[in-house]
Amino acid sequence: MNPKRFPLKRSVPVNSPPTIAAVDSFRDLADGNSAYVANFPNASLSAIPRQHLAVVTCMDCRIDPLAIFGLQVGDIHVMRNAGARITPDMLRSLIKSVNQLEVDRIAILHHTDCGAAKVDLPGLRAKVLAATGSDPADVEFHLIGDHAAALDADIEAVRTCPYLPVGTAVAGFIYDVTTGVVTPHDSTFVG
Ligand SMILES: [Zn+2]
195 MNPKRFPLKR SVPVNSPPTI AAVDSFRDLA DGNSAYVANF PNASLSAIPR
245 QHLAVVTCMD CRIDPLAIFG LQVGDIHVMR NAGARITPDM LRSLIKSVNQ
295 LEVDRIAILH HTDCGAAKVD LPGLRAKVLA ATGSDPADVE FHLIGDHAAA
345 LDADIEAVRT CPYLPVGTAV AGFIYDVTTG VVTPHDSTFV G
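Going by my numbering, the letters in the sequence shown line up with residues 195 to 385, in that order.
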């Protein structure tokens, strides 16, 4: 992490430090995991996704990529960020997915009512500044203006990536968070 871009020491202390141990913020996770391991069903899964598919989607909590496509754990790679944008780090993961882990098709799943399309950059910067004392002027948030154009750009970023084999299939979809319907947007091949 670049300390210049993400200063560990805030320039203007706004909030008081927490008075509880940080681990206390995560107690519910330990409880949830105890229940999970009691009947753990995935001990013999391969790291190679059975469907040879990577799904890039948004971090939005309404999106369940496996359920949306009727898939199971072990079937696909799921890669998420704010907005399902094809950023340099998303490409890093896709390059590994395709070249190392036998994925040969990439689905980019944008969605309706996406926060990346609703937030305005000056407002977001002002919120960060107010909460932390630091202005994220040099953070690229990859916000969405025109949604179709953004999805086109993301498909194109994958299609033209020089580190993905020619012929890798790539498609864009829009997921409707109110109906569950996935609508195809466009599809092509890397090349
Ligand atoms: Zn979103």
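Every residue gets a Cβ at the ideal spot worked out from N, C-alpha and C, and that includes glycine.
Worksheet item: Would you report the Cα separation of Ala365 and Ala324, rounded to the nearest angstrom?
Response: By 1-based counting over the sequence shown, the position of residue 365 is 171. By 1-based counting over the sequence shown, the position of residue 324 is 130. Distance between the alpha carbons of Ala365 and Ala324 is about 39 Å.
Item to complete: For Cys255, verify whether its CB is less than 6 Å away from any heavy atom of ligand 1.
Response: Translated into positions along the sequence shown, residue 255 becomes position 61. No, since every heavy atom of ligand 1 falls outside the 6 Å radius drawn around the Cβ of Cys255.
Practice prompt. Give the DSSP-derived three-state secondary structure of Asp380 in the structure shown.
Written response: Reading the sequence shown from its first residue, position 186 is the one you call residue 380. Asp380 falls in the strand class under three-state DSSP.
Item to complete: Kindly provide the ranges of any alpha helix (DSSP H) runs that are 4 or more residues long and lie completely inside the segment 224-269, ordered along the chain.
Response: 259-262
Worksheet item: Within the present structure, is the beta-carbon of Ala342 separated from the nearest heavy atom of ligand 1 by less than 6 Å?
Response: Along the sequence shown, read from residue 1 onward, the residue named residue 342 stands at position 148. Not so, every heavy atom of ligand 1 lies at least 6 Å from the Cβ.
Practice prompt. Using three-state DSSP, classify Arg286 as helix, strand or coil.
Written response: Here residue 286 refers to the residue found at position 92 of the sequence shown. Correct three-state label for Arg286: helix.
Item to complete: Per DSSP, which residues does Tyr357 bridge with? Please list them.
Response: As a first step, residue 357 must be located in the sequence shown, where it is residue number 163. Its beta-bridge partners do not exist; DSSP assigns none.
Worksheet item: When burial is assigned at 16 or more other CB atoms within 10 Å of the CB, is Asp258 buried or exposed?
Response: Residue 258 sits at position 64 when you count from the first residue of the sequence shown. Exposed.
Fill in: Residues near Ser381 in its chain [Cβ-Cβ closer than 6 Å; skip 5 each side]
As a first step, residue 381 must be located in the sequence shown, where it is residue number 187. Excluding positions up to five away in sequence, the list reads Ala365.
Worksheet item: By Cβ distance, which residues of its chain are closer than 6 Å to Ile214, with the 5 residues on each side in sequence left out?
Response: As a first step, residue 214 must be located in the sequence shown, where it is residue number 20. No residues qualify anywhere along the chain.
Worksheet item: Looking at C-alpha atoms only, which residue of Thr372, His304 and Asp329 is the closest neighbour of Pro378?
Response: The residue you call residue 378 lines up with position 184 of the sequence shown. Ranking the options by Cα distance to Pro378, first place goes to His304.
Fill in: Nearest to Tyr357 (by Cα), restricted to the options Gln294, Ser210, Ala232 and Pro212
Residue numbering aside, residue 357 sits at position 163 when the sequence shown is read from its first letter. That would be Gln294, whose Cα lies nearest to the Cα of Tyr357.
Worksheet item: Can we say the segment 306-316 touches the segment 273-287, given the rule of at least three CB pairs closer than 8 Å?
Response: yes
Worksheet item: Should Gly309 be listed as close to ligand 2, given that the test is whether its C-beta is under 6 Å from any heavy atom?
Response: This structure lacks ligand 2; the ligands present are ligand 1.
Discussion item. Which residue marks the beginning of the alpha helix (DSSP H) containing Leu315, and which one marks its end?
Written reply: The residue labelled residue 315 in the question sits at position 121 within the sequence shown. It spans Leu315 to Thr326 - the alpha helix (DSSP H) in which Leu315 sits, taken as one unbroken run.
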